[in-house]
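Peer 1:
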Amino acid sequence: MDRNEWLSGAARSSLSRLLPRLEKTYAPELVEMPVQWNHFKNRLNREWERLFNYLQQLYGWQYDFFYTLELILDLLIRYWLKRPASLRQLDEQREADPYWYLSEDMVGVVLYVDLFSNNLAGLHDHIPYIEQLGVTYLHLMPLFSVPRGENDGGYAVSDYRATNPDLGTMEELFELASALRERNISLVLDFVFNHTSDEHRWAQKAKDGDPEFMNYYLTFTDPVLVDRFQEHLRDIFPTVRKGSFTWNPAMQRWVWTTFNSYQWDLNYGNPAVFRDMAEEMLFLANQGIEVLRLDALAFIWKRLGTDCENQPEAHIIIRAFNAMARIVAPAMIFKSEAIVHPDEVIKYVHPQECQLSYNPLLMALLWEALATREVKLLVHSMRHRERLPYGCSWVNYLRCHDDIGWTFDDNDARQVGIDPQGHRKFLNDFYTGKFPGSFARGVPFQFNPDTGDLRISGTLSSLAGLEEALERKDNTMIERAVRRINMLRSIQVSIGGIPLLYAGDEYGALNDYTYLSDPVKVNDSRWVHRSRKRWKAADDLTDTETIEWRFYHEMVKLFQLRKSTPALRNGGMELVDTANPHLFAYIRGNREQRLLIINNFSEFTQIISADKLAEAGMTRDALEVLTQKVFPAGEDLELQGYRYMWIDISGPS
12 MDRNEWLSGA ARSSLSRLLP RLEKTYAPEL VEMPVQWNHF KNRLNREWER LFNYLQQLYG
72 WQYDFFYTLE LILDLLIRYW LKRPASLRQL DEQREADPYW YLSEDMVGVV LYVDLFSNNL
132 AGLHDHIPYI EQLGVTYLHL MPLFSVPRGE NDGGYAVSDY RATNPDLGTM EELFELASAL
192 RERNISLVLD FVFNHTSDEH RWAQKAKDGD PEFMNYYLTF TDPVLVDRFQ EHLRDIFPTV
252 RKGSFTWNPA MQRWVWTTFN SYQWDLNYGN PAVFRDMAEE MLFLANQGIE VLRLDALAFI
312 WKRLGTDCEN QPEAHIIIRA FNAMARIVAP AMIFKSEAIV HPDEVIKYVH PQECQLSYNP
372 LLMALLWEAL ATREVKLLVH SMRHRERLPY GCSWVNYLRC HDDIGWTFDD NDARQVGIDP
432 QGHRKFLNDF YTGKFPGSFA RGVPFQFNPD TGDLRISGTL SSLAGLEEAL ERKDNTMIER
492 AVRRINMLRS IQVSIGGIPL LYAGDEYGAL NDYTYLSDPV KVNDSRWVHR SRKRWKAADD
552 LTDTETIEWR FYHEMVKLFQ LRKSTPALRN GGMELVDTAN PHLFAYIRGN REQRLLIINN
612 FSEFTQIISA DKLAEAGMTR DALEVLTQKV FPAGEDLELQ GYRYMWIDIS GPS
């Protein structure tokens, strides 16, 4: 008998032993819902072998593994029973349409509740604004209970079942999720599961010396062992502190703290941690969360002698969570937040792991091409790094709450004649305004003098040149900045995946330097692009003479076009050879429609030849979708500086 046969038999045997006992325990509730219970058991039977396999790999060596299985099965049943009827109904809808998130209707926005609307009640009042944008995917940045003062922008969670009291209550969050769902808007939240804050009750008990909860975290008494681990680790916030360990005098132990000293890494080698964090995940699912962003997922498993990132067990843990969600809450999917090497990013994206993933490579390379005015690295990288497994999608963003890191592959750069180390220095100089002729107003983030690594903070508009152009009152510079921004947005909307707008970018928010006078924020330059929503700017959205109006209405127009364009249904894209180093072109399409999308990364007019257009499929006169202008076949095509075109090549004009 091979391992697969043994696993299959062991999984069936374990379920046949455990399920009847738990059915007896919950019989009074189950007797009231026989049809729903059968639906649940069908999902359980379908997913249990997969879940058993993952758990056996993680914890099968432990003497009480069968007890772990029983507790996890009990957890699944309890949270299914707690699941509101409206969400069970959504589960049925999503099982009937399992790839709902691949629709061209999916358009996202991400925001901080306090900066956008002060609190959850205020956000509820602003749902019409979100609808007006065309949003169907609303990502709220961390809103759970966190320490006062420094809390890594909400990523140091003290309680996963309580919101920050300044923002509202869990009841208000549930009501918001319901109101959004009625409007076909999916709510997205972060699951911060690599670490908790040092004020979490588990950490407090660990500090008190409780051995059960000391084992919830990675703590050490041997400094030699700490040094052996540290030898292979990178510093995430090098300007804040060196190393990934923090001495805790109460415990007289070193605590593993990958990010900040107040963020304690969890010990997933302990099945109790897996079980309790899975329970927190299912609790969030039952609040109406439809997409769960898995924060810092690359760091969740540690192994001596490695960099403790992207370990095989990290994937197993996420797949186990995925199986549990499929059983209890199939309406909820996962989004990967893996800002690591491109080869590693793709490994987290799978229908049985994370169905969605941020696309950090595309984001970084769009900014790279904007700085160089050349698309060779972008084209080369996309050619072999863009494709995803069927049933998965990229989430394409230009800016977010975090910094920009230059995550392209060094070998990709060398293959197109670029020195990767020197190029990253150029990009950092360019986007911090140091390079002669730069249009950008970025702010340095976390310079590491040992490695030369640096990341960039700043808003979309400030990085694309609008801030400097407005300060100089130079209309030519302003026009170029506006065109750069709109071109990037066009690519974001059309290239394949879910476009994710960072709130404020819809009207061209600039850098906000007020963080420099806040002692809690002054050492974190990311606050330069975490500004409060300017609701007065809404007045400018009705004045066609304002830049705000231009940005907002171009964004809404692109979102509407995406939703009405069959070619943009989620799927792959086909790169087009333009024979022009400044033009980035690709085809999106299906049997209904094919679009040739061309983008000019230069401020000067560029030409794509008639021959190249014909090779791409433009063999007849074709309609440009954005302007409704017909372009004749057999002629060269001109694109003005930073312009873009969506050309319908699916048939006669």
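Residue numbers for the sequence shown follow this note's numbering, so the first one is 12 and each next one is one higher. For every residue, glycine included, the Cβ atom is placed at its ideal position computed from N, Cα and C. Nothing here was measured: the structure is a model prediction, and the numbers come from that model.
#1: Please go through the same chain and pick out, in chain order, the residues whose beta-carbon is closer than 8 Å to the beta-carbon of histidine 412, but skip the five residues on each side of it.
#2: Could you tell me the alpha carbon to alpha carbon distance between tyrosine 148 and glycine 119, rounded to whole angstroms?
#3: Secondary structure at asparagine 49, three-state DSSP: helix, strand or coil?
#4: Does the beta-carbon distance from tryptophan 275 to tryptophan 265 come in below 8 Å?
#5: Which ranges would you report for the beta strand (DSSP E) in the segment 166-226 if only whole runs of at least 3 residues count?
#6: Can you tell me whether DSSP reads tyrosine 655 as helix, strand or coil?
#7: Please work out which residues of its chain come closer than 6 Å, Cβ to Cβ, to aspartate 420, disregarding the five sequence neighbours upstream and downstream, and give them in chain order.
#8: Apart from the five residues on each side of it in sequence, which residues of its chain come closer than 6 Å, Cβ to Cβ, to alanine 334?
#9: Identify which residue in Asp136, Asp318, Asp659 has its Cα closest to the Cα of leucine 191.
#10: Assign alanine 261 to buried or exposed, taking buried as 16 or more other Cβ atoms, counted over all protein chains shown, within 10 Å of its Cβ.
#11: Can you name, in chain order, every residue of its own chain whose Cβ lies under 7 Å from the Cβ of valine 237, other than the five neighbours on each side?
#12: If you measure from the beta carbon of glutamine 104 to each beta carbon in chain D, is any gap under 8 Å?
#13: Over the uninterrupted beta strand (DSSP E) stretch that includes tryptophan 267, give me the two end residues.
#14: Which same chain residues end up closer than 6 Å to aspartate 651 when comparing Cβ atoms and leaving out the 5 residues on each side of it in sequence?
#15: What do you reckon, is the C-beta of arginine 483 under 7 Å from a heavy atom of the ligand MN?
#16: Could you please give me the residues that DSSP links to aspartate 306 through a beta bridge?
#17: Opposite threonine 443 in the DSSP bridges: which residues?
#18: Considering only residues of the same chain and omitting the five flanking positions on each side of threonine 250, which have a CB-CB separation below 6 Å?
#19: On the DSSP bridge assignment, give the partners of phenylalanine 345 in chain order.
#20: Go ahead and pull the three-state DSSP assignment for tyrosine 359.
#21: If you follow the alpha helix (DSSP H) that tryptophan 560 is part of, which residue opens it and which one closes it?
#22: Opposite isoleucine 619 in the DSSP bridges: which residues?
#23: I'd like the span of the beta strand (DSSP E) that includes tyrosine 463, first residue to last.
#24: Would you list the residues sitting across from asparagine 407 in a DSSP beta bridge?
#25: From the DSSP secondary-structure annotation, give me the bridge partner or partners of threonine 250.
#26: From this set, Gly507, Glu103, Pro176, which residue's C-alpha is nearest leucine 113's C-alpha?
#27: Using DSSP with H/G/I as helix, E/B as strand and the rest coil, what is leucine 229?
#28: With H, G and I counted as helix, E and B as strand and the rest as coil, what does DSSP make of alanine 669?
#29: For tryptophan 111, list the residues DSSP reports as bridge partners.
#30: Could you pull out every residue in the same chain whose Cβ sits closer than 6 Å to the Cβ of asparagine 130, ignoring the five residues on either side in sequence?
#31: Is DSSP giving serine 664 helix, strand or coil here?
#32: Mind checking threonine 555: buried by the 16 CB within 10 Å criterion, or exposed?
#33: State the Cα-Cα distance for the pair alanine 714 and alanine 578, rounded to the nearest angstrom.
#34: Using DSSP with H/G/I as helix, E/B as strand and the rest coil, what is threonine 525?
#35: If you drop the 5 nearest sequence neighbours on each side, which residues of the same chain put their C-beta closer than 7 Å to that of leucine 315?
Peer 2: Based on what the coordinates show:
#1: Residue mapping note: residue 412 aligns to position 401 of the sequence shown, counting from 1. Counting only Cβ-Cβ distances below 8 Å, and skipping sequence neighbours, we find Val121, Tyr123, Met152, Gly164, Tyr513, Arg537, His540, Arg541.
#2: Position 137 of the sequence shown, counting from 1, holds the residue named residue 148. Position 108 of the sequence shown, counting from 1, holds the residue named residue 119. Computed Cα separation, rounded: 4 Å.
#3: Within the sequence shown, residue 49 is the residue found at index 38, counting from 1. Note: asparagine 49 maps to helix in three-state DSSP.
#4: In the sequence shown, residue 275 corresponds to position 264, counting from 1. In the sequence shown, residue 265 corresponds to position 254, counting from 1. No; because the gap between Cβ atoms is not below 8 Å, this pair is not in contact.
#5: 170-174, 197-203, 206-208
#6: The sequence position of residue 655 within the sequence shown is 644, counting from 1. In this structure, tyrosine 655 counts as strand in the three-state DSSP scheme.
#7: In the sequence shown, residue 420 corresponds to position 409, counting from 1. Once the five neighbours on either side are set aside, the close Cβ partners of aspartate 420 are Pro353.
#8: Here residue 334 refers to the residue found at position 323 of the sequence shown. For alanine 334, where only same-chain residues beyond five positions count, the Cβ hits under 6 Å are Glu58, Arg61, Leu62.
#9: Here residue 191 corresponds to residue number 180 of the sequence shown, with the count starting at 1. Nearest option by C-alpha distance: Asp136.
#10: Translated into the one-based positions of the sequence shown, residue 261 becomes position 250. Exposed, since its Cβ has fewer than 16 Cβ neighbours within 10 Å.
#11: Translated into the one-based positions of the sequence shown, residue 237 becomes position 226. By the criterion of a C-beta distance shorter than 7 Å, valine 237 is surrounded in its chain by Phe231, Phe256, Trp265, once the five residues flanking it on both sides are discounted.
#12: Given the protein chain composition of this structure (a single chain), no chain D is represented.
#13: If you number the sequence shown from 1, residue 267 lands on position 256. Run containing tryptophan 267: 264-267, per the beta strand (DSSP E) assignment.
#14: To locate residue 651, count along the sequence shown from 1; it is residue 640. Residue identity differs from the one stated: residue 651 is glutamine in this sequence, not aspartate. Hits under 6 Å: Thr616.
#15: In the structure on display, the ligand MN does not appear, and there are no ligands present to speak of.
#16: Residue 306 sits at position 295 when you count from the first residue of the sequence shown. BP columns for aspartate 306 point to Val203.
#17: For the purposes of this step, residue 443 is taken as residue 432 along the sequence shown, with counting starting at 1. DSSP, once it has assigned bridges, lists no residue as partnering threonine 443.
#18: Translated into the one-based positions of the sequence shown, residue 250 becomes position 239. Correct list, in chain order: Gln457.
#19: For the purposes of this step, residue 345 is taken as the residue at position 334 of the sequence shown. According to DSSP, phenylalanine 345 bridges with Leu303.
#20: Here residue 359 is taken as the residue at index 348 of the sequence shown, counted from 1. When DSSP states are grouped into helix, strand and coil, tyrosine 359 belongs to the helix group.
#21: For the purposes of this step, residue 560 is identified with residue 549 of the sequence shown, where counting begins at 1. Segment 558-574, the alpha helix (DSSP H) holding tryptophan 560.
#22: Indexing the sequence shown from 1 puts residue 619 at position 608. Leu648, per the DSSP bridge assignment.
#23: Working through the sequence shown from its first residue, we reach residue 463 at position 452. Looking at the sequence shown, residue 463 is not tyrosine but glycine. Element bounds for glycine 463: n/a, residue is neither H nor E.
#24: Residue numbering aside, residue 407 sits at position 396 when the sequence shown is read from its first letter. BP columns for asparagine 407 point to Pro510.
#25: In the sequence shown, counting from the first residue as 1, residue 250 sits at position 239. Paired residue(s): none; threonine 250 is not in a bridge.
#26: Within the sequence shown, the letter at position 102 stands for residue 113. Comparing Cα-Cα distances from leucine 113 to each of Gly507, Glu103, Pro176, the minimum goes to Gly507.
#27: On the sequence shown, residue 229 is found 218 positions in, with the first residue counted as 1. Collapsing the DSSP output to three states places leucine 229 in coil.
#28: Here the chain covers residues 12 to 664 and nothing more, so residue 669 does not appear.
#29: Taking the sequence shown and counting its residues from 1, one reaches residue 111 at position 100. Its beta-bridge partners do not exist; DSSP assigns none.
#30: Residue mapping note: residue 130 aligns to position 119 of the sequence shown, counting from 1. Excluding positions up to five away in sequence, the list reads Leu178, Gly179.
#31: Within the sequence shown, numbered from 1, the residue matching residue 664 stands at position 653. Residue placement at serine 664 cannot be trusted, given a pLDDT of 42 that sits under 50; what the coordinates show is reported in the next sentence. Coil, per DSSP.
#32: Counted from its first residue, the sequence shown places residue 555 at position 544. Threonine 555 comes out exposed.
#33: Coverage of the chain is limited to positions 12 through 664, which leaves residue 714 absent and any answer about it impossible.
#34: The sequence position of residue 525 within the sequence shown is 514, counting from 1. It is helical.
#35: In the sequence shown, the residue the question calls residue 315 occupies position 304. The answer, listed in chain order, is Arg239, Phe240.
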